[in-house]
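Under the working numbering, residue 369 is the last one in the sequence shown; the count climbs by one each step, no gaps.
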Amino acid sequence: MPDNPIPMVDLKAQYTTLRTELEPAIIAALAATQYILGPNVQAFEQEAAEYLGVAHAIGCASGTDALHLALAALGIGPGDEVITTPFTFIATAEAIRYVGAEPVFVDIDPATFNIDPRAVEAAIGPRTRALLPVHLFGQPADMDALARIADARGLQIVEDCAQSFGATMPGGRTGALGAAGAFSFFPSKNLGAFGDGGLVTTGDAATAERIRVLRNHGQTERYHHACIGYNSRLDELQAVVLRHKLPHIEVYNRERRRVAERYDAGLAGAPVQVPHRDGLGTHVFHQYTILTDRREHVAAALRAASIANAIYYPVPLHRQPPFADRAADASLDHAEHVAARCLSLPMYPELDDHQIDRICAVIREALDG
Ligand SMILES: *Cc1c(COP(=O)(O)O)cnc(C)c1O
Numbered sequence: 001m002p003d004n005p006i007p008m009v010d011l012k013a014q015y016t017t018l019r020t021e022l023e024p025a026i027i028a029a030l031a032a033t034q035y036i037l038g039p040n041v042q043a044f045e046q047e048a049a050e051y052l053g054v055a056h057a058i059g060c061a062s063g064t065d066a067l068h069l070a071l072a073a074l075g076i077g078p079g080d081e082v083i084t085t086p087f088t089f090i091a092t093a094e095a096i097r098y099v100g101a102e103p104v105f106v107d108i109d110p111a112t113f114n115i116d117p118r119a120v121e122a123a124i125g126p127r128t129r130a131l132l133p134v135h136l137f138g139q140p141a142d143m144d145a146l147a148r149i150a151d152a153r154g155l156q157i158v159e160d161c162a163q164s165f166g167a168t169m170p171g172g173r174t175g176a177l178g179a180a181g182a183f184s185f186f187p188s189k190n191l192g193a194f195g196d197g198g199l200v201t202t203g204d205a206a207t208a209e210r211i212r213v214l215r216n217h218g219q220t221e222r223y224h225h226a227c228i229g230y231n232s233r234l235d236e237l238q239a240v241v242l243r244h245k246l247p248h249i250e251v252y253n254r255e256r257r258r259v260a261e262r263y264d265a266g267l268a269g270a271p272v273q274v275p276h277r278d279g280l281g282t283h284v285f286h287q288y289t290i291l292t293d294r295r296e297h298v299a300a301a302l303r304a305a306s307i308a309n310a311i312y313y314p315v316p317l318h319r320q321p322p323f324a325d326r327a328a329d330a331s332l333d334h335a336e337h338v339a340a341r342c343l344s345l346p347m348y349p350e351l352d353d354h355q356i357d358r359i360c361a362v363i364r365e366a367l368d369g
């Protein structure tokens, strides 16, 4: 009998475990009829702020909007440049364009896949206003080095925490380390809702207030609008889901690290590069991403064994048509090297040892000889 297929993520597992407490809570929120900016949104904002160790957390409609609102609230706009990584999901750089600013792409560290602080420093120019590091695949970027650069040059840091909910550095959790942090609750993220959702964090009360106003049509009091804002609120029902999942995030992230360690052991000695931990912070393994020169071959072997796999990300952003004019910003060789070889394996807290061992065996066999 063939083995069961293994997906990239299994959203059913968390739903099944939580449904007996979650379904009555969702029904209660339906009956309460406070569907927009209701009590669950407020409570979740407080609970998330407390967990993340940050003074203010503001719910919004998506991680993309969280980035957009953070940049807008910090006053980044036309004529400004924001230094970021080309090896990320497009939303990181889309948000920079939404506020009318320009992304400047700099290269990554080929071991961690995160933005290289030395490349950041070399790219700073008279128009640079902010840095936008991504804690890619759940490993915090080198925030100490980036903060030193930002402080010395008077730059703001917006953290893209879409993949790093719960990841820590000695100075605090991601999202509490810059001027603002942007989180996504897209269902497959480490803390996932049952639809879209996002959160902006900041330690600054005035920035928090601007974000609250911007997410709700620029409204300061009912039908009084201080500026042109947006309709970008966290949904009340999604807040119910997030409030029930938040108390489990430490366990979810610990289980992701267990999965990663078993992958490491299972792939030891195979001709692949397993994820490098730089030891600066705690990795929460949104993805477990290997590098291999024989990516197509490995992916085909996994497919034949009904094991899902994915390429995050096949085309760095400076190779995408909307950003083609930024291709010559700097040498982006490491980003290109990694994009051509990366392969992400199934990763979710409930992945069991037998499944991980099966995946490793298929990869080892594919690369044997
Ligand atoms: C998912 C993601 C986003 C966007 O989040 P959405 O909630 O899907 O809008 C932004 N940046 C990164 C790095 C992401 O992985």
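Don't be surprised by glycine CBs; every beta carbon is placed ideally from N, CA and C. Just so you know, these numbers come straight off a predicted model, no measurement behind them.
Three-state secondary structure (DSSP) of ASP264 | Position 264 of the sequence shown holds residue 264. In the structure shown, ASP264 sits in a helix (DSSP, three-state: H, G or I).
Along the alpha helix (DSSP H) that carries GLY63, what are the first and last residues, could you check?
-> For the purposes of this step, residue 63 is taken as the residue at position 63 of the sequence shown. Segment 63-73, the alpha helix (DSSP H) holding GLY63.
Answer yes if the stretch 261-272 comes into contact with the stretch 238-252, meaning at least three C-beta pairs across the two stretches below 8 Å, and no otherwise.
-> no
Any heavy atom of ligand 1 within a distance shorter than 6 Å of the CB on VAL134?
-> Position 134 of the sequence shown, counted from the first residue, corresponds to residue 134. Yes, ligand 1 has a heavy atom inside 6 Å of this Cβ.
To the nearest angstrom, report how far apart PHE165 and GLU255 are at their CA atoms.
-> Numbered from its first residue, the sequence shown carries residue 165 at position 165. Numbered from its first residue, the sequence shown carries residue 255 at position 255. One C-alpha to the other measures close to 14 Å.
Note the first and the last residue of the continuous alpha helix (DSSP H) segment covering LEU214.
-> In the sequence shown, counting from the first residue as 1, residue 214 sits at position 214. Taken as a continuous stretch (DSSP letters only), the alpha helix (DSSP H) holding LEU214 covers 205-214.
Could you have a look at GLY175 and say whether DSSP puts it in helix, strand or coil?
-> Position 175 of the sequence shown, counting from 1, holds the residue named residue 175. Looking at GLY175 - three-state DSSP - the assignment turns out to be coil, as it is neither helix nor strand.
If you follow the beta strand (DSSP E) that THR289 is part of, which residue opens it and which one closes it?
-> Taking the sequence shown and counting its residues from 1, the one referred to as residue 289 is at position 289. Here the beta strand (DSSP E) through THR289 covers 288-291.
Does ligand 1 have a heavy atom nearer than 6 Å to the CB of ALA91?
-> Indexing the sequence shown from 1 puts residue 91 at position 91. Because some heavy atom of ligand 1 lies under 6 Å away, the Cβ of ALA91 counts as near it: yes.
Under the criterion of a Cβ to heavy atom distance below 6 Å, does GLY63 qualify as lining ligand 1?
-> What you label residue 63 is simply residue 63 of the sequence shown in a count that begins at 1. Yes, since a heavy atom of ligand 1 falls inside the 6 Å radius drawn around the Cβ of GLY63.
Nearest residue (CA-CA) to CYS360, options VAL259, PRO78, ILE90 = For this step, residue 360 is matched to residue 360 along the sequence shown. The shortest Cα separation from CYS360 among VAL259, PRO78, ILE90 belongs to VAL259.
Distance, Cα to Cα, ILE290 vs ASN309?
-> Taking the sequence shown and counting its residues from 1, one reaches residue 290 at position 290. Taking the sequence shown and counting its residues from 1, one reaches residue 309 at position 309. If I take the Cα positions, the gap works out to 11 Å.
Using a threshold of 7 Å, state whether the C-beta atoms of GLN355 and ILE26 are closer than that.
-> Reading the sequence shown from its first residue, position 355 is the one you call residue 355. Reading the sequence shown from its first residue, position 26 is the one you call residue 26. Cβ atoms of GLN355 and ILE26: not closer than 7 Å.
Name, in chain order, the residues that DSSP records as bridge partners for THR224.
-> Locating residue 224 in the sequence shown gives position 224, counting from the first residue. Note that residue 224 is His in the sequence shown here, rather than Thr. DSSP output for HIS224 lists GLU221 as bridge partner(s).
Selection from ALA70, TYR35, ALA299 that minimises the alpha carbon distance to TYR230 = Residue 230 sits at position 230 when you count from the first residue of the sequence shown. The residue with the shortest Cα to Cα distance from TYR230 is ALA70.
Do LYS245 and LEU199 have their C-beta atoms closer together than 7 Å?
-> The residue labelled residue 245 in the question sits at position 245 within the sequence shown. The residue labelled residue 199 in the question sits at position 199 within the sequence shown. The answer is no: Cβ separation not under 7 Å.
Looking at the structure shown, is ARG129 part of a helix, part of a strand, or coil, going by DSSP?
-> Walking along the sequence shown from the start, residue 129 turns up at place 129. Correct three-state label for ARG129: strand.
What separation, rounded to the nearest whole angstrom, lies between the Cα atoms of ALA123 and GLU50?
-> Taking the first residue of the sequence shown as position 1, residue 123 is located at position 123. Taking the first residue of the sequence shown as position 1, residue 50 is located at position 50. The alpha-carbon atoms of ALA123 and GLU50 are separated by roughly 35 Å.
Does ligand 1 have even one heavy atom less than 6 Å from the beta-carbon of PHE186?
-> Here residue 186 refers to the residue found at position 186 of the sequence shown. Flag set: Cβ of PHE186 near ligand 1.
Straight-line Cα distance separating THR88 from PHE186 = The residue given as residue 186 occupies position 186 in the sequence shown. The residue given as residue 88 occupies position 88 in the sequence shown. Looking at the two C-alpha atoms, the distance is approximately 16 Å.
Per DSSP, which residues does ALA182 bridge with? Please list them.
-> As a working note, residue 182 is residue 182 in the sequence shown. Looking at the DSSP assignment, ALA182 forms a beta bridge with ASP160, VAL200.
Specify, as a first and last residue, the run of the beta strand (DSSP E) that LEU343 falls within.
-> Indexing the sequence shown from 1 puts residue 343 at position 343. Per DSSP, LEU343 belongs to the beta strand (DSSP E) from 342-345.
CYS161 beta carbon less than 7 Å from that of GLY178 = To locate residue 178, count along the sequence shown from 1; it is residue 178. To locate residue 161, count along the sequence shown from 1; it is residue 161. Cβ distance not < 7 Å, so GLY178 and CYS161 don't count as in contact.
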